[in-house]
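Per our numbering, residue 12 is the first one in the sequence shown, and the count goes up by one each step. We put the CB at the ideal spot given by N, CA and C, even for glycine. Only a predicted model underlies this, so the values are computations on that prediction, with no experimental measurement involved. The structure appears below as structure tokens.
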Amino acid sequence: MKIAIVGTGYVGLVSGVCFAEVGTDVTCVDVDERKISNLQQGIIPIFEPGLEDLVEKNVKAGRLHFSTSLPDVIDDVQIVFSAVGTPPDEDGSADLRYVLEVARTVGRHMHSYVLLVTKSTVPVGTAEKVRAAIQEELDKRGVQIPFDIASNPEFLKEGAAIKDFMSPDRVVIGVESERAKELMTKLYRPFLLNNFRVLFMDIPSAEMTKYAANSMLATRISFMNDIANLCEIVGADVNMVRKGIGSDLRIGNKFLYSGCGYGGSCFPKDVKALIKTAQEHGYEMQLLQAVEAVNEKQKTVLFDKLKKNLGADMKGKNIAVWGLAFKPNTDDMREAPSLVLIKQLLNAGCAVKVYDPIVKSLLDKQTEQNITFCNDIYETANDADAICLVTEWQEFRLPDWALIKKIVKNPLIIDGRNIYDKKELAELGFEYYGIGC
């Protein structure tokens, strides 16, 4: 089976590589000539564990190809996946310009039946816009060529995307015809053989499922952060509370960890987009508005704790920041809590030293020029007035606290992910503050 995937970002590249891994002939298409040239040379544009090896393996096997032109390959494929970006507009709605351009390109250049599958995260109703864009181009050409559209949203976790794709909780597919269903069933047959759940539904429900899933996870995070903040006020320990409610089978223990806020490319964007979709239909998502507000406020909690312990005037203080990416095992800095903290520290006149195992530059170049990138956590800790743990990378879990105690100016630890033991650090002479404990 031959397919094309348009967009070689996180979703497109991971999806293409994994489809190739199970035997599908895949061409990944992107208009960015430099990105395609790099991929052809084995240079991967994103960091994802295991991705580089799989790209190399499947290119050598002849199952994975790269191109800058969808028209060049469209006659050779049965399915075209649209995995282009849907960045948020200023009002929070999803920008569909790239999704619709893919649809128009298909309409301009198709000569036989094509199934266009939207894998990008798009609002409910996008499928009809995609259908209209294809049909408009066919009408301009004066031709009648059958086509189908479908929705196949991704549910990949950055840092574990390969495993999530190859061993999914479920695969959600929205279709409107038996022909489309048969093609998607054939494509996902290798996963069906392992008894993974493939859930077929109508297209609007598939589009909504993606937003609803991410919004629910974001809600659990913001709920626990709100509980954590109240725990600090009343003297409770959020870690104990988490265990207590997580043992309830109706609730479960996933996504109940408090911290300094969620970030990344999915949760912030999808929550905003769902709120906007509701507004466009005359409905107010009050709960999600609160989820978003709690998360934005939570990103300031580390700075508030520093100010409380170091004093309102923090000018000249040396602050160590451990972790930049929004979560471990990724280089994604979109909506990262570290960016909020760093900007607050710089505005307060602090000297900021940072270390992240993967991220070596920031999206904001002006901010980047005013901080010091270090080679490890110990370099950041040298002469520090405080250490802030922002991203829970594995290598941060067991530092040499005895060494750190010797080189810091002030033994203050602000743990934004609750990975350290308060009692242990107190015994070593550190002052420790977590989130809700």
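Can residue i and residue j be called in contact, C-beta distance under 9 Å?
i: G257; j: L267; result: yes
i: L298; j: T220; result: no
i: F77; j: V128; result: no
i: V40; j: S104; result: no
i: V249; j: C448; result: yes
i: K280; j: P98; result: yes
i: F202; j: V186; result: no
i: I382; j: L374; result: no
i: A397; j: N320; result: yes
i: Q89; j: L194; result: yes
i: C271; j: K328; result: no
i: K354; j: A331; result: no
i: F441; j: I424; result: yes
i: N340; j: A171; result: yes
i: N240; j: R253; result: no
i: I47; j: D342; result: no
i: A191; j: A143; result: no
i: M12; j: K197; result: yes
Taking the straight line between their C-alpha atoms, what separation do you get for residue i and residue j?
i: I14; j: L111; result: 19 Å
i: I184; j: L167; result: 15 Å
i: K308; j: I238; result: 13 Å
i: N421; j: K287; result: 46 Å
i: I418; j: Y443; result: 17 Å
i: V28; j: G293; result: 41 Å
i: A31; j: V37; result: 6 Å
i: A114; j: P368; result: 39 Å
i: D100; j: E291; result: 14 Å
i: E169; j: T132; result: 15 Å
i: C361; j: M325; result: 6 Å
i: Y431; j: S216; result: 42 Å
i: S233; j: S226; result: 10 Å
i: V17; j: D180; result: 24 Å
i: G246; j: Q377; result: 40 Å
i: L75; j: V66; result: 8 Å
i: M371; j: F384; result: Note on identity: in this sequence residue 371 is Lys, with Met being the wrong assignment. Going by the C-alpha atoms only, they are around 7 Å apart.
i: L149; j: K140; result: 14 Å
i: G118; j: M212; result: 25 Å
i: C242; j: M344; result: 29 Å
i: V209; j: F278; result: 23 Å
i: P413; j: E165; result: Note that residue 413 is Ala in the sequence shown, not Pro. Each residue's Cα considered, the two are about 44 Å apart.
i: Y273; j: R152; result: 47 Å
i: I214; j: F176; result: 21 Å
Provide the residue span of the beta strand (DSSP E) that contains residue i, from first to last.
i: E442; result: 442-444
i: C39; result: 36-40
i: L210; result: 208-212
i: G185; result: 181-185
i: A171; result: Neither: A171 is in no beta strand (DSSP E) and is coded neither H nor E.
i: A144; result: No beta strand (DSSP E) contains A144, which is instead part of the alpha helix (DSSP H) from 137-152.
i: D426; result: 423-426
Under the assumption that residue i contacts residue j (Cβ atoms under 8 Å), give the Cβ distance between them as a whole number of angstroms.
i: Y222; j: A284; result: 7 Å
i: G334; j: L400; result: 7 Å
i: V282; j: V302; result: 6 Å
i: A359; j: A347; result: Going by Cβ atoms, the distance from A359 to A347 rounds to 19 Å, so no, they are not a contact pair.
i: I415; j: A392; result: 5 Å
i: Y366; j: E403; result: The pair is not a contact, with the Cβ atoms about 14 Å apart (cut-off 8 Å).
i: D159; j: S123; result: Not a contact, Cβ separation roughly 13 Å.
i: G61; j: I173; result: 5 Å
i: A138; j: S26; result: At roughly 18 Å, the Cβ-Cβ gap does not stay under 8 Å, so A138 and S26 are not in contact.
i: P134; j: E218; result: 7 Å
How far does the alpha helix (DSSP H) with residue i in it extend, from its first residue to its last?
i: N358; result: 348-358
i: A161; result: Looking at the DSSP string, A161 is not in any alpha helix (DSSP H); the run it does join, the beta strand (DSSP E), is 158-162.
i: L50; result: 44-51
i: V453; result: As displayed, the chain neither begins before 12 nor continues past 448, which places residue 453 out of reach and without an answer.
i: I286; result: 278-291
i: N306; result: 297-309
i: V370; result: Neither: V370 is in no alpha helix (DSSP H) and is coded neither H nor E.
i: R408; result: Here R408 belongs to no alpha helix (DSSP H), and DSSP marks it neither H nor E.
i: M251; result: 249-257
i: P201; result: 200-203
i: I418; result: 412-418
i: A323; result: Where A323 is concerned, there is no enclosing alpha helix (DSSP H), given that its DSSP letter is neither H nor E.
i: Y389; result: 388-392
i: A437; result: 433-438
Can you tell me which residues form a DSSP beta bridge with residue i?
i: A331; result: K364, I398
i: K13; result: D36
i: A105; result: P99
i: I90; result: I14, L126
i: L75; result: V37
i: T220; result: According to DSSP, which records beta bridges pairwise, T220 is partnered with nothing at all.
i: T383; result: K364
Within 9 Å of any Cβ in chain B, is that where the Cβ of residue i sits?
i: W333; result: No chain B is part of this structure, which consists of one protein chain only.
Does the ligand ZN have a heavy atom nearer than 8 Å to the CB of residue i?
i: K254; result: Ligands in the displayed structure: none, and consequently the ligand ZN is not present.
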